[in-house]
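As they're listed, the protein sequences go chains A and B.
At position 340 of the first sequence the residue is numbered 340 (the UniProt record's numbering), and the sequence of numbers has no breaks.
At position 329 of the second sequence the residue is numbered 329 (the UniProt record's numbering), and the sequence of numbers has no breaks.
Structure first, commentary second.
There are 2 protein chains.
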Amino acid sequence: MSGHRPESSWGSWNSREPTTVREEEAFELGENGNLQDNLPKKSAMKYRDGSSIDWLHEEALERERDYVKKSQKSIRSLLSIWADSVRVWLVVATTGFGIGVAGAWLDVLVKWLGDLREGRCQEGFFYNQVTCCSGLDPGEFCTDWQTWSEYFNVRRIFAQSLLQSSIYVTLAVVFASSAALLVNTYAPYAFHTGIPEIKAILGGYVFDAFLTPWTLLIKAFGLALAVASGLSLGKEGPLVHVACCMAYMLSRFFDQFKHNEAQKRKILAAAAAAGVSVAFGSPLGGVIFCLEELDTFALESDVMWRGFVASAIAAVSLQYIDPFGTSKLVLFQVTSGGDTWRAFELIPWLSLGVIGGVLGSLLIKLNVEIALYRKSSVLNEYPILEVATVSAITAAIAYLVVFTRVQSSELVANLFQECDPARGDYHGLCNPTAMWENVFLLLISAAIKLALTAWTFGMMVPAGIFLPTIAIGACIGRAVGMLTQSMQTTYPKAWLFLSCPPDPIVRCVSPGFYSVIGASAMLGGVTRMTVSLVVILFELTGALSHVLPIMVGVMTAKWVGDALGKDGIYNVWIAMRQYPFIPPVDFNDKGRTAADAMKPFGTLVKIQEGQSTIKDLENLISIHGFHGFPVVRGRDLVGYATRDKLVSFIELHLSSDTSNKICRFSLSKPQHSSVDNDIDLTSCLENSVLHLRKEVPQALVVRMFQKMNLHQILFTHQGQLDGMLTKPDVVALLTAHFPHTGALSSR
Amino acid sequence: MSGHRPESSWGSWNSREPTTVREEEAFELGENGNLQDNLPKKSAMKYRDGSSIDWLHEEALERERDYVKKSQKSIRSLLSIWADSVRVWLVVATTGFGIGVAGAWLDVLVKWLGDLREGRCQEGFFYNQVTCCSGLDPGEFCTDWQTWSEYFNVRRIFAQSLLQSSIYVTLAVVFASSAALLVNTYAPYAFHTGIPEIKAILGGYVFDAFLTPWTLLIKAFGLALAVASGLSLGKEGPLVHVACCMAYMLSRFFDQFKHNEAQKRKILAAAAAAGVSVAFGSPLGGVIFCLEELDTFALESDVMWRGFVASAIAAVSLQYIDPFGTSKLVLFQVTSGGDTWRAFELIPWLSLGVIGGVLGSLLIKLNVEIALYRKSSVLNEYPILEVATVSAITAAIAYLVVFTRVQSSELVANLFQECDPARGDYHGLCNPTAMWENVFLLLISAAIKLALTAWTFGMMVPAGIFLPTIAIGACIGRAVGMLTQSMQTTYPKAWLFLSCPPDPIVRCVSPGFYSVIGASAMLGGVTRMTVSLVVILFELTGALSHVLPIMVGVMTAKWVGDALGKDGIYNVWIAMRQYPFIPPVDFNDKGRTAADAMKPFGTLVKIQEGQSTIKDLENLISIHGFHGFPVVRGRDLVGYATRDKLVSFIELHLSSDTSNKICRFSLSKPQHSSVDNDIDLTSCLENSVLHLRKEVPQALVVRMFQKMNLHQILFTHQGQLDGMLTKPDVVALLTAHFPHTGALSSR
């Protein structure tokens, strides 16, 4: 256990974070001379934590392995090929099943902990309120569930509410602090949502410490505590992290994944899809999320199939376990208000889109500022105290406003429902006489939640941003819906509302559905996703006729949001932590070419053909931590020698006899033909290195890195090396517009 | 109109087909000296029909255009950027709406024509049977609909059936022949499914004749006739073609798409998604189909969003028009039999998967053999006669067997339903005493449909393969389901069936659902798609619990099918017609490197730096039709000059003064410094050309072509050109395993 246990203070944890881009760049530029400890020792440990994998190289290895097996036409090799495939599916299916079960277990735990803040079950301490009161006839009063004041037999109203509220707040603080304590002490990587890191890892970032079983355990358990504490956070993103941890753990059992970073990432992508599938009860949403947000476009197409299988198994497992006996898969079922909508409704919908875009950008900006403040202020020293304070404030405020007192998921579920006399009233929402009060309360709740979320997302607890964002959007959407409805019922004869049915009893405007659109728009503004959001919300609502309005909301929010700031919240965090992730965006190079971005010939660390001895090479390798070195003769490019090939060559050949031999990388004979003194290193040259002319537009170079997951490109002209561009350079290009790049990475 | 009108015989049409890969290869190798007519005249007409576009180049143009607009900070340029985006969405939305309407209109037309084969409506000739008999009370007999024997007042049973059957067969022949006549006379490219061509076009193939308004009209109308004739074909694939024709037609109104082949293809991809969405009532299925089968993975990620918007609009339009008043979007609603399934059912499901894989491969093989036979035999001369004969045979056989007499879509809809006494019996399927007869009839129907489909798919009519495949699979699945059910009811106490409920009245095995799995497996075997099939069938059935069995069926069928032959039916046709399409498959290079596949230095047509005059260049260009020429000095690579840049340069500079000047592509001064006699052509060099070493594994080269949509790669070593590889070479590599490559392409 001690192996997983980092220092217990926030400050010292930060300093243990893996090397991030800027540092790697500095490192690659050779400014740091004392890195021998970090260098990969053997080919088994090819990548340092914090570096990026070389996809082309990894995939070539995989192909080679496949080819060797397929060319041996023995039964044994056939079985081995078959076993490889079985292992992949075993890991995929088990992960799917595992995350389905974990999701269900988490739901039960959260519900019980959450209810515990208000009372307890007489029948059994471990029953939540719903289970406790199940099996009653309609109209019968539930006596098994006791509020704390009933339990402690407090009769006076004032004492009752004092007791109830203090237990509510106290338990919230206890839960939140325990979560923070667990995370801070045992698994610091379990804090936050995890999506930015997963994105970076799937893109090739090496960060194994992020996926340990210990992180899995703390993240899952801490998440339950954090959600139950009523902090303004959701379980969706962290569930994706949990799913990836599971897949990583399972994949460690098989050498096939352990030794190939590309294979491992393909499994992780499937696991991420399963995580989303469980989080939202949306198996197709999971697949599309992976494609769009995690950018597994760049991976092979069979990744999509694996992701779909994992998603479906996860969703079926969740449905089969059915934690609450509702046999509903989705978080919040939407009762379809009416399938038709009218032209005038475009106005409120577009407004919701604009509001979502503006508030989404605001939330991102606030969140960034708070994160920067946290890092630079005294808060950095006391992460657990911060969590405790914020949870106390959250609980105290939440207790005051009716809409914030219930758990976010419950609130959202109710906001998404239409008012229906047969189904009862939710928190007084459906009382037509209290319309203005309700609108006011909804807007206040949205504002409170916005501020709390901006602070909470980034504290030392597992925290997803999806649910709070949905809640904010749902409150605003409902308010706009209610306003529209009231206008329509007040002025039914206005020309705008003439398309409504004349019968006043028939509902024309459905505030519940406006709530869904508000949530979509807010999500669009915060995450800047499009297809996956609509698919997830489509699977939530199920009605095809709702898709177009949701699209309108999401699209408007994205446009408005993009005008106010280019990146979604995950990409902002990636930039702040400076992970080497290349987002799949269109890069506007403003007419610049690769020549402006590349490291020019002069600054590169090169191997001079026919001048270095083996000893020199060994020296070079130990001084510079680069993934590879261009080999040149004068200015002519001979090739690109990768570090791992050089290391293994030197290990094989280094002896007192050879250490002074001159290295040759080229077959063509040199000027002076002292053959005895030469040693042939052509085998160390990498074959899969791209050459381009330096006049290529930057946009094309970026696109190549995006599509091919490249590690470097060399720029040559008529055989002469002009410069080189590596992944960190491209990342720097793409994050140049963001002012706080690297602000949260450790240095 | 005459411009669209090709010669009216099949033979002469074939000779007018666009140049296909092998020809282009020969052409690019310079064996054909008389191609001046085909050469692009101006930069406006960059690509010949039959060539492949250069994606990198097109995208660079688009970026440049964008950059120019964005750098002019005037209101006008801002408006122009905004207008570009509006135009894209206008085309996407209009296409979605258009194909939704067209799909609905097609349904109505097909239903009416189909019913016309059996009788007519007294109320109005243009009502189909359902519309004619609508509005009746339950139990009331429909008198408005008259069979032909009633209409002609024929009373004797024998005469009645003779009359009915002869009208049935005659009308079928008339419909089918009219479709064939229309296609053959006016729009030969409207035959077949269209999916292979769309795949090739989206991949970069230039084939504008395939997308003309004339083709659109004939394809849509011919499709209705062909489907109504009862031929064994479906409307799904052709609808995708129709959607693409619509998008193409709409995009012609805007220069933005007309002058950029990449932009045009992005719009077509969205249209294809909308086509699938309407064909199956499955908007998400449409998007995934585009990603998986049409391989738009390689395009930008905003293509997915456009595709989704088009899909959703199309589906909503279709639902809104609601041609049959059922307000059902899907072709065949599945009544969910029961949500639970038992372990023993894995045995019949796996069997169905195996059957699907085997029969799918058989269908592909048969179809290929028949297509080859058609091409080489006398049938080639009489395409309309062939269609008439096959439709007569189809109708005659179909009339005999109860399951084949109804239209395939109706049959499938009924096979997918569970037997339910309240809903009536379909074709006697639910009569438990006739179980063996039904199983026999189902298997016979499947066999007949298999043979007829293999023949029909490739005749001179618009024809999709989806629906017939579903019908075959549904028949077999139902048969297997009925057998399993009968075993279970006969031996309820066998240990295999112990998991079934003991009450014999409760249904344990649901034959209707087996039918769905059979259809999935058969589709998997024929098309080799995975995710999109499952998504389409998932959207059809709606029940999440059904997803896993469907996955099992599709996956097994794909494995078995892949073992029997690597390609799905669309890829087989692409190979036979030799379109330059690079499928997104994993290529097993068996350890070979690019050196084995490239055209070596010696065989390339090159420009020798400092030796050619402008006149020489002009000559070179007019002799060879290549997209570009490597420029070399001796063996050293100077660059790659594209044809269109050379052409426009020469047009500008060719005069009696300059025609004898020596061309220089390199800035470094030559040996002899006669500056006056030189002309600088460095601007003709293409910047976005990739260089690799020739030792690169072929698999990596293929992957680069797949991911980056490349047109060519140059292979260099230490500045020397070793060879070149172009798209047709890669296509040849990938289709090398298929024996009939190019068998149907014209030569």
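Heads up, the beta-carbon is just placed ideally off N, CA and C, and yes, glycines get one too.
Which residues DSSP lists as bridging residue i, in chain order
{"i": "residue 725/A", "result": "713/A"}
{"i": "residue 679/A", "result": "663/A"}
{"i": "residue 593/B", "result": "697/B"}
{"i": "residue 157/A", "result": "Note: residue 157/A sits in no beta bridge, so no partner."}
Chain A within 8 Å of residue i, Cβ atoms only
{"i": "residue 82/B", "result": "no"}
{"i": "residue 716/B", "result": "yes"}
{"i": "residue 733/B", "result": "no"}
{"i": "residue 292/B", "result": "yes"}
{"i": "residue 722/B", "result": "no"}
Proximity test, Cβ basis, 8 Å: residue i and chain B
{"i": "residue 41/A", "result": "Note that residue 41/A scores 40 on pLDDT, short of 50, meaning its location in the model is unreliable; the coordinates nonetheless yield the value given after this. Answer no: the Cβ-Cβ gap between residue 41/A and chain B never drops below 8 Å."}
{"i": "residue 664/A", "result": "no"}
{"i": "residue 305/A", "result": "yes"}
{"i": "residue 56/A", "result": "yes"}
{"i": "residue 273/A", "result": "no"}
{"i": "residue 530/A", "result": "yes"}
{"i": "residue 459/A", "result": "no"}
{"i": "residue 308/A", "result": "yes"}
{"i": "residue 591/A", "result": "yes"}
{"i": "residue 391/A", "result": "no"}
Residue i (DSSP reduced to helix, strand or coil)
{"i": "residue 389/A", "result": "helix"}
{"i": "residue 518/B", "result": "helix"}
{"i": "residue 82/B", "result": "helix"}
{"i": "residue 373/A", "result": "helix"}
{"i": "residue 11/B", "result": "Caution is warranted here: a pLDDT of 34 is assigned to residue 11/B, below 50, making its placement in the model unreliable, and the coordinate value is therefore given only provisionally. DSSP places residue 11/B in helix when its eight states are reduced to three."}
{"i": "residue 559/B", "result": "helix"}
{"i": "residue 638/B", "result": "strand"}
{"i": "residue 633/A", "result": "strand"}
{"i": "residue 121/B", "result": "strand"}
Through-space distance from residue j to residue i, alpha-carbon basis
{"i": "residue 54/B", "j": "residue 293/B", "result": "22 Å"}
{"i": "residue 724/B", "j": "residue 599/B", "result": "5 Å"}
{"i": "residue 663/A", "j": "residue 81/B", "result": "56 Å"}
{"i": "residue 32/B", "j": "residue 603/B", "result": "Any reading at residue 32/B must be qualified, since the residue scores a pLDDT of 35, below 50, and its modelled position is unreliable; no value is offered."}
{"i": "residue 741/A", "j": "residue 630/B", "result": "42 Å"}
{"i": "residue 484/A", "j": "residue 576/A", "result": "40 Å"}
{"i": "residue 172/B", "j": "residue 228/B", "result": "7 Å"}
{"i": "residue 73/B", "j": "residue 67/B", "result": "11 Å"}
{"i": "residue 494/B", "j": "residue 342/B", "result": "14 Å"}
{"i": "residue 442/A", "j": "residue 549/A", "result": "22 Å"}
{"i": "residue 453/B", "j": "residue 160/B", "result": "30 Å"}
{"i": "residue 686/B", "j": "residue 198/A", "result": "38 Å"}
Cβ-Cβ distance between residue i and residue j below 8 Å
{"i": "residue 91/A", "j": "residue 251/A", "result": "yes"}
{"i": "residue 665/A", "j": "residue 618/A", "result": "no"}
{"i": "residue 64/A", "j": "residue 261/A", "result": "no"}
{"i": "residue 751/A", "j": "residue 738/A", "result": "Because chain A is modelled from 1 through 747, residue 751/A falls outside the range shown and cannot be assessed."}
{"i": "residue 288/B", "j": "residue 520/B", "result": "no"}
{"i": "residue 218/A", "j": "residue 176/A", "result": "no"}
{"i": "residue 306/B", "j": "residue 270/B", "result": "yes"}
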